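Visitor: In our numbering, the protein residues as written are 19 to 137.
Got a structure here, written out as structure tokens. Questions coming.
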């Protein structure tokens with residue numbers, strides 16, 4: 019540590035590093051996404067099983083129209099789940115791009131920015 023002639027070291031003016039609030043917010047988002055995708059998969063599976071399906075699974079609606087709806091819903095369910103599952107790696111990638119620690123003043127600014135964004 020270099021002495022500046024006033025008895026303080028060079029690093030004395032540096033701010034302490036704290037956890038990056040953006041990373042914390044994104045970690046929460048990732049956890050929520052994992053839970054929501056899991057729940058959505060379950061709900062969509064139940065919905066498609068309850069309707070149509072060649073009479074094998076239909077509980078609430080059967081017949082040709084129900085079977086068509088079942089096939090379409092099953093395909094849409096698969097596409098929707100694939101798209102939703104892309105969100106989790108996207109959030110993880112963003113987390114990796116951000117520094118895990120920032121200065122205290124930067125963290126305060128980030129908190130204010132997030133409060134403004136989520137009003």
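Don't be surprised by glycine CBs; every beta carbon is placed ideally from N, CA and C.
Keep in mind that this is a model prediction, so the values were computed, not measured.
Below 8 Å, how does it come out for the stretch 76-92 and the stretch 124-135: are there three or more Cβ pairs, yes or no?
Guide: These segments do not touch.
Visitor: Provide the residue span of the alpha helix (DSSP H) that contains residue 123, from first to last.
Guide: 122-135 is the span of the alpha helix (DSSP H), which, as asked, contains residue 123.
Visitor: Under 8 Å, do residue 48 and residue 101 count as touching if we go by C-beta distance?
Guide: No. Outside cutoff.
Visitor: Quick check: what's the CA-CA separation for residue 119 versus residue 46?
Guide: Their Cα atoms are separated by approximately 17 Å.
Visitor: Which of the three DSSP states is assigned to residue 80 in this structure?
Guide: Of the three classes helix, strand and coil, the one that applies to residue 80 here is coil, per DSSP.
Visitor: Between residue 41 and the rest of its own chain, which residues show a CB-CB distance below 7 Å, the 5 nearest in sequence each way excluded?
Guide: Hits under 7 Å: 113, 116 and 118.
Visitor: With DSSP as the reference, label residue 101 as helix, strand or coil.
Guide: Of the three classes helix, strand and coil, the one that applies to residue 101 here is helix, per DSSP.
Visitor: Leaving out five residues before and five after residue 36 in sequence, what residues of the same chain have Cβ atoms less than 7 Å from its Cβ?
Guide: Around residue 36: 119, 120, 122 and 125.
Visitor: Using the Cβ count rule (16 or more neighbours within 10 Å means buried), how would you classify residue 64?
Guide: When all chains shown are included, residue 64 counts as exposed.
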